[in-house]
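See below for the structure under consideration.
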Amino acid sequence: MSAPRRASTDSQAVPGGPEAAGRDGHGAMPAQRPKRGVEEIEKEMAERSERLAANIDELVGRFSPATLARQSVDRAGSMVRSPGGGVRVEVLGAVAGAALVAGLLVWRARRRR
1 MSAPRRASTD
11 SQAVPGGPEA
21 AGRDGHGAMP
31 AQRPKRGVEE
41 IEKEMAERSE
51 RLAANIDELV
61 GRFSPATLAR
71 QSVDRAGSMV
81 RSPGGGVRVE
91 VLGAVAGAAL
101 VAGLLVWRAR
111 RRR
């Protein structure tokens with residue numbers, strides 16, 4: 001059985017390691033940005049707030065119960081309908097067979113009482 005290998009003690013720089021970090025240890029030195037005024041910061045905050053509100057409104061609309069129900073009905077309808085618009089016979093047969101089995105089970109359960 002061999003002994004576990006120890007990490008190399010070479011002083012190689014590891015990508016993304018502490019040597020790659022800036023003086024504060026949180027990444028590369030930030031590029032100097034021009035000073036922004038209060039008005040510019042407030043404008044940017046207002047724009048972000050508007051985008052956030054629009055995103056929330058879209059999500060509320062997309063996941064409302066009425067929308068989800070309509071999508072489910074559309075999905076179920078597309079499973080039953082053929083591309084030509086007619087009823088798919090194999091699906092109709094499967095539904096009729098399932099209804100027949102369910103009806104027989106109910107009839108048998110009532111008959112035993």
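Sequential numbering of the sequence shown, starting at 1, is according to full-length UniProt numbering.
Glycine included, C-beta positions come from ideal geometry on N, C-alpha and C.
Everything numeric in this text was worked out from a predicted model, so none of it was measured.
Just the C-alpha distance for residue i and residue j, rounded to the nearest angstrom, thanks.
| i | j | result |
| --- | --- | --- |
| Arg-113 | Ala-94 | 29 Å |
| Arg-48 | Ala-76 | 39 Å |
| residue 181 | Ser-82 | Residue 181 lies beyond the residue range present for the chain, which begins at 1 and ends at 113; the question has no answer from this structure. |
| Leu-68 | Arg-62 | 8 Å |
| Arg-107 | Ala-98 | Arg is not the amino acid found at residue 107; the sequence shown has Trp there. Spanning the two alpha carbons is a distance of roughly 14 Å. |
| Gln-71 | Arg-33 | 48 Å |
| Gly-84 | Pro-65 | 30 Å |
| Lys-43 | Asn-55 | 18 Å |
| Glu-39 | Ala-46 | 10 Å |
| Gly-86 | Gly-103 | 27 Å |
| Val-89 | Leu-105 | 24 Å |
| Glu-50 | Arg-36 | 21 Å |
| Ala-96 | Arg-111 | 22 Å |
| Leu-59 | Ala-31 | 36 Å |
Would you grab the beta carbon distance between residue i and residue j for me? Rounded to a whole angstrom, and I think it's under 8 Å.
| i | j | result |
| --- | --- | --- |
| Val-91 | Val-80 | 5 Å |
By DSSP's criteria, residue i is part of a beta bridge. Which residues make up the other side?
| i | result |
| --- | --- |
| Val-87 | Arg-81 |
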